[in-house]
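Visitor: Taking this note's numbering, the leading residue of the sequence shown gets -8, the next gets one more, and so forth.
Backbone N, C-alpha and C fix where the C-beta goes; we use that ideal spot for every residue, glycine too.
My questions all concern the structure below.
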Amino acid sequence: MPLNIEIKAILNDRERVENTVARLTVVPPQLIAQEDHFFCCDEARLKLRILTPDSGELIRYERTNAPKIRSSRYLIARTADPAIMLEILTKTLGKAGVVRKERTLYLVGQTRVHLDQVSDLGDFLELEVVLRPEQSKEEGKRIADGLLSTLGINRTDIIGEAYVDLLAPRAESIR
């Protein structure tokens, strides 16, 4: 199973971070609308990411909900029919929540830098250091830590929760 080193933080000054990360890459950023449907699953997270009506990804991942740099193991299966996949998974497993976001993706070396505008939550930064097979978790953590420093992200802004978990209390208060 592939392995990433990840970290997520509240993004207090998006413009400053966007300007900094833009100087670190030669590839233009990619703007991606994402709708993530999470399903009831005990041993891991399972979500269907709908990108367009004919493009989606079923993603299973395992990681701790800790406010620190952490590892994440994942599997991804692409689908050309996310609507039918959503119907099957919802009827089979039950839905745990939905996250809608606009993601600006920058590639900095082997790191995917996400600047996310999450509906009903706000702006966040997410780093994913995509480890090569010969790299250790510690090397990935050093890369993530260095990039956090370069981007000027405050340690107190690091969070451990998934967006769907942050949205859950809001959904409960609306019911």
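If we count the other Cβ atoms within 10 Å of its Cβ and call it buried at 16 or more, is A153 buried or exposed?
Guide: Working through the sequence shown from its first residue, we reach residue 153 at position 162. Result: buried.
Visitor: Roughly how far, in whole angstroms, is the beta-carbon of I60 from the beta-carbon of I(-2), given that I think they are within contact range, below 8 Å?
Guide: Looking up residue 60 in the sequence shown gives position 69. Looking up residue -2 in the sequence shown gives position 7. Contact flag correct, Cβ pair sits at about 5 Å.
Visitor: Tell me whether V168 sits in a helix, a strand or coil according to DSSP, three-state version.
Guide: Given that the chain is displayed from residue -8 to residue 166, the structure contains no residue 168 and the question cannot be resolved.
Visitor: Can you tell me which of V120, D45, L106 and I134 puts its alpha carbon nearest to the alpha carbon of E6?
Guide: Against the sequence shown, residue 6 aligns to sequence position 15. Minimum Cα distance to E6 is reached at L106.
Visitor: Within a Cβ cutoff of 6 Å, which residues of the same chain sit near E119, ignoring the five residues on either side of it in sequence?
Guide: For the purposes of this step, residue 119 is taken as the residue at position 128 of the sequence shown. So the qualifying residues of the chain are N(-5), E(-3) and R103.
Visitor: Starting from S140 and walking both ways along the beta strand (DSSP E), at which residues does that stretch end?
Guide: As a working note, residue 140 is residue 149 in the sequence shown. No beta strand (DSSP E) contains S140, which is instead part of the alpha helix (DSSP H) from K128 to L142.
Visitor: Would you mind giving the Cβ-Cβ distance between E53 and A35, rounded to the nearest angstrom? I have them listed as a contact below 8 Å.
Guide: To locate residue 53, count along the sequence shown from 1; it is residue 62. To locate residue 35, count along the sequence shown from 1; it is residue 44. The pair is a contact, with the Cβ atoms about 5 Å apart (cut-off 8 Å).
Visitor: Inspect the beta-carbon positions of P19 and L96 and report whether they are closer than 8 Å.
Guide: Position 28 of the sequence shown holds residue 19. Position 105 of the sequence shown holds residue 96. Against a cut-off of 8 Å, the Cβ pair of L96 and P19 comes out as no contact.
Visitor: Which residue marks the beginning of the beta strand (DSSP E) containing A87, and which one marks its end?
Guide: The residue labelled residue 87 in the question sits at position 96 within the sequence shown. First-last of the beta strand (DSSP E) with A87: K86 to V99.
Visitor: Helix, strand or coil for A162 per DSSP?
Guide: Here the question's residue 162 lines up with position 171 in the sequence shown. Note that A162 has pLDDT 48, beneath the 50 cutoff, so the model's placement of it is unreliable and the number below is only indicative. Helix at A162.
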